[in-house]
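Chains S and A, in that order, are what the protein sequence lines are. FYI, the numbering for the first sequence is 148 to 307, going by my numbering. FYI, the numbering for the second sequence is 8 to 558, going by my numbering. Backbone N, C-alpha and C fix where the C-beta goes; we use that ideal spot for every residue, glycine too. This report concerns only the one structure given below.
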Amino acid sequence: MFSRRKFLKAGFLGSIIFISNGCGAFSATTPKETLTLLQEDLFPHANTMGINTKKYMQIILKHSRVSDEDKEFIKNGVKWLNEDAVLLFDTTYVKLPYTKRQEVLKNISKTKWGKGFIRDNLTYIMEASFCDPVYGVANGQGWEWLDFKVGLPQPKEAYL
Amino acid sequence: MIYDVCIIGSGAGGSPIAYELSNAGFDVVVLEKGKYYKEEDFSKDEIAVSRRNKFTPDLKDEKHIINEIAQDGSISRYDGYEYSWSFWNGSMVGGSSNLMSGYFHRLKPNDFKLKSVYGEIDGANVVDWPISYDELEPYYEKVERVVGVSGKIKKHKFLEPRSTTEFPYVKLEENGVTAWFDKACEELGFESFATPRAILPGDALNRKGCSYSNFCGSFACATGAKGGARAALLQKCDAKIISEAFVYKLYSDDVSVKKAYYYDKDKNSHTIEAKIFVLAAQAIESSRLLLNSANKHFPNGLANSNKQVGKNLIFSAGGSGEGRFDFKDLDIKQQKSLMQTGLFFNRSLQNDYEFESGGKKYKGGTTDFLFEHQNLLPRVTREFYDDEGDIIWGDELRDKIHKSITSSRRLSFEVFNDWLPTDRCFVSVDDKEKDMYGVHVGVINLYGHPHDLEVGEHLAQKAVDILEKMGTRDINYSISSSPPSNLVAGGCRFGDDPKTSVLDKNCKAHELNNLYVTDASFMPTGGSVPYTWTIYANSFRVAEIIKKELS
């Protein structure tokens, strides 16, 4: 399932993806708006804490030590999530109200790819929430929330 | 220039040679594949070190092929890159000793004569070592002084004989929960003791003492307190260190090694000539280099006419487990004690280093106890699932994470017992797959003897008894044949018989008069402790031998 389709590589976050409902009708969205809303749905507390998860995903998609397969899975997952939204409710994920988006998430969480996609997104959200301020996406809010004592010395520069 | 000694690999196996020989006035060069980091380069960046694997090679550039051999003999082949299965530890000057936890235990006298004391085991190639504990003891003691080992000697029934009465450095400061542990052990009739650590508790040896940073294992030490090979030895000698130098071939005639060929970071090839070559590139990679250095004199690979190079690869058998302290079982004072960070737990149990079952004497092992690693992400991501194993998100996940991290803490244990050497567990070289240098990659053929699981299970049960006595919840453990990639040895075992061993008792190749192997490759059996102290001690022993030879 993970490798059932390839997806556009260039300019991924800002690109347009077209989703067919199988009857010739198309919907369109961008990966950026899908991922932004998805991550808000999965862990709204990151936004409450002021964590810049959008910037962190940009870091991940360009990171030299995140494998091409993992990056590809994020990209494919965005497309598959929207396909499932169209199949269930005839429109893309971002156009659905909160309760229906939750239904889509529950639906995909029963599949192998969907469970993996949610897990990966949550993992990146947690990385963003608890990474050092040097990465430019958090400022210790996550550590404070969990009363976590950071290890010293802290890094002088981000590892990208 | 012809160096006196060329050392390949700068970890615990190579550095004592560099330290001793260069301080004795010999010209020594060390070739290290990784970069040269120093204390000022290190931080506790969990993302870089633990999530993005900053200190190990990218598997798309350098990988292994893994053949997992089941009990029925069937083989499953895994491409290390495709399956993200890494056997790299620390690719940097000082090697993985930079990243070790520094849990230091000596082998016991019986570990040197496993076959004589405990007898043969079907399907295992158990042998006695060609040296005794008494021959290595002075070097264990030397490591205590030179590298720096801290602890407190407590007499117990398997305490090994010592030439000194106490460690040269006092034990590290401990978390208050250790008192609960000691009490539980006492009630159970177990003899717990403070785990010796290769960590300086205060400034000494021209290094700074431990800063109790709360992050130790898996992270390089920013103070130099941890006795890694770079901080303890290489930075205290004038051996020439060439970093980012990947040795891909040793050139020999029929009696001696003449040159080491290496690629620099730009993949330009260079050669080093020396009178003596010391190979210490980590057990798997040392065998790989010998096999990849085949020539007309040694068509099976260097020092491999008897086809023993790569054979009898071993890991540390055993596994790990944990129990969870929950605030609701503790009073306020106990809760505070539990959540103290920075201080070490440091408790070990060797109550069953040898045990009897069914009238038979068994070799057992060591169990080390420690708090779960302070890295946040494994502790947070573990909460992604509910009791049914379904993934959760949103406020439900938020509350679950917060409760787990702020009102509970897990005490872990790690079991170390012998991984029996067998014909099925060995290193070979793949005839097709190559790394980024164009060099054939190593193949790790994995097989765990069923006996290893029985012993591990016995030891784990004792650890569970302690966790139950302490009142922890959700106790679980796993004993398996999964190899810990940071506890690997064998492949070039030493012995008196040139037909069945690669090295002689001095760790010199039987077939070549100037090639020594001093990483954990030499070990014919592993003992039931982490290997680093023994690797250091043996390397100091071999350094004396080489010094005499050069003199």
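Let me check understanding here. Comparing Cα to Cα, which of the options lies closest to residue i?
i: A/S312; options: A/S300, A/D129, A/I76, A/S323; result: A/S300
i: S/N395; options: S/P178, S/L184, S/M196, S/T239; result: Chain S is shown from 148 up to 307; residue 395 of chain S falls before or after that span and cannot be answered.
i: A/G18; options: A/A550, A/H380, A/T539; result: A/T539
i: A/E292; options: A/T185, A/H447, A/K515; result: A/H447
i: A/K67; options: A/S50, A/Y90, A/D79, A/E75; result: A/Y90
i: S/I255; options: A/I451, A/D397, A/T388; result: A/D397
i: A/L114; options: A/L557, A/Y543, A/V536, A/E556; result: A/V536
i: S/L299; options: A/N221, A/N275, A/N353, A/L143; result: A/N221
i: A/A467; options: A/T202, A/N493, A/G371; result: A/G371
i: A/E181; options: A/C217, A/K367, A/Y147, A/K149; result: A/C217
i: A/S276; options: A/R295, A/S294, A/G328, A/V254; result: A/V254
i: S/I207; options: S/N229, S/P302, S/A275; result: S/A275
i: A/D336; options: A/F305, A/S364, A/H304, A/R416; result: A/R416
i: S/W292; options: A/I412, A/A527, A/R431, A/R214; result: A/I412
i: A/K162; options: A/K178, A/Y146, A/L179, A/S199; result: A/S199
Quick one: which chain S residues come within Cβ less than 9 Å of residue i?
i: A/N221; result: K296, V297, G298, L299
Mind listing the chain A neighbours of residue i? Cutoff is C-beta to C-beta under 8 Å, in chain order.
i: S/S256; result: D397, I398
i: S/K262; result: I398
i: S/Y282; result: I54
i: S/Y306; result: D52, I54, A55, R59, K61
Tell whether a beta-carbon distance below 7 Å holds between residue i and residue j.
i: A/G183; j: A/S323; result: no
i: A/A281; j: A/Y85; result: no
i: A/L121; j: A/T374; result: no
i: A/V262; j: A/N520; result: yes
i: A/G235; j: A/N105; result: yes
i: A/G534; j: A/F433; result: no
i: S/L279; j: S/V251; result: Looking at the sequence itself, residue 279 of chain S is Asp, so the reference to Leu does not match. Contact: no.
i: A/F642; j: A/S419; result: The structure shown does not extend to residue 642 of chain A, since chain A is modelled only from 8 through 558, so no value can be given for it.
i: A/K266; j: A/Y258; result: yes
i: A/Q315; j: A/V509; result: yes
i: A/F62; j: A/M99; result: yes
i: A/A574; j: A/L207; result: Past the edges of chain A, shown from 8 to 558, lies residue 574 of chain A, and the structure says nothing about it.
i: A/R331; j: A/R152; result: no
i: A/T202; j: A/S327; result: no
i: A/T388; j: A/A131; result: no
List the residues of chain A that residue i touches, going by C-beta distances under 9 Å, in chain order.
i: S/P191; result: G401, D402, R405
i: S/F277; result: E53, I54, L383, L384, V387
i: S/I198; result: Within 9 Å Cβ-Cβ: nothing; S/I198 doesn't reach chain A, min ~13 Å.
Residue i versus chain A: which residues are under 7 Å apart at the beta carbon?
i: S/P302; result: S50, D52, A55
i: S/M273; result: L384, V387, T388
i: S/R248; result: In chain order: nothing, as chain A lies at least about 11 Å away.
i: S/T270; result: T388
Along chain S, in chain order, which residues have C-beta atoms closer than 8 Å to that of residue i?
i: A/S218; result: L299
i: A/F378; result: Within 8 Å Cβ-Cβ: nothing; A/F378 doesn't reach chain S, min ~13 Å.
i: A/H409; result: W292, L293
Whose C-beta lies closer than 7 Å to the C-beta of residue i among residues of the same chain, with five residues either side of it excluded?
i: A/F393; result: Correcting the residue identity first, residue 393 of chain A is Asp in this sequence and not Phe. Contacts found: I399.
i: A/E7; result: Past the edges of chain A, shown from 8 to 558, lies residue 7 of chain A, and the structure says nothing about it.
i: A/I24; result: V12, I14, V285, T525, S546, V549, A550, I553
i: A/E518; result: A310, S312
i: A/E173; result: I160
Could you round the C-beta distance between residue i and residue j to whole angstroms and report it? I think they count as a contact, below 8 Å.
i: A/Y140; j: A/E167; result: 7 Å
i: A/K512; j: A/I160; result: 29 Å between Cβ atoms; not a contact.
i: A/L383; j: S/F295; result: 6 Å
i: A/D273; j: A/A252; result: Not quite, the Cβ-Cβ distance comes to about 11 Å (not below 8 Å), so this is no contact.
i: A/R405; j: S/F220; result: Contact doesn't hold; Cβ gap of about 25 Å is too wide.
i: A/N307; j: A/G497; result: Not confirmed; about 18 Å, so no contact.
i: A/W95; j: A/P64; result: 5 Å
i: A/I249; j: A/L38; result: 5 Å
Keeping to the same chain, check which residues put their C-beta closer than 8 Å to that of residue i; ignore five residues upstream and five downstream.
i: S/S211; result: L307
i: S/M148; result: Only weak support exists for where S/M148 lies, its pLDDT of 31 falling under 50; the value from the coordinates is given anyway. Excluding residues within five positions, the ones whose Cβ falls inside 8 Å are T258, K259, W260.
i: S/A157; result: With a pLDDT of only 40 at S/A157, under the threshold of 50, the placement of this residue in the model should not be trusted; the figure read from the coordinates follows. The answer is none, since no qualifying residue turns up.
List the residues of chain S whose Cβ lies closer than 7 Å to the Cβ of residue i, in chain order.
i: A/D65; result: R212
i: A/A229; result: P300
i: A/T413; result: L293, D294
i: A/F391; result: R266, L269
Apart from the five residues on each side of it in sequence, which residues of its chain come closer than 6 Å, Cβ to Cβ, to residue i?
i: A/D437; result: I72, H447, V448, V450
i: S/V297; result: W290
i: S/A305; result: V281, Y282
i: A/M8; result: none
i: S/T200; result: Q186, A193, I272, A275
i: S/R151; result: Its pLDDT being 32, under 50, S/R151 is placed unreliably in this model, and the coordinates cannot settle the point.
Can you list, in chain order, the residues of the stretch 338-365 of chain A whose Cβ is nearer than 9 Å to any Cβ on chain C? The structure shown contains no chain C; its protein chains are S and A.
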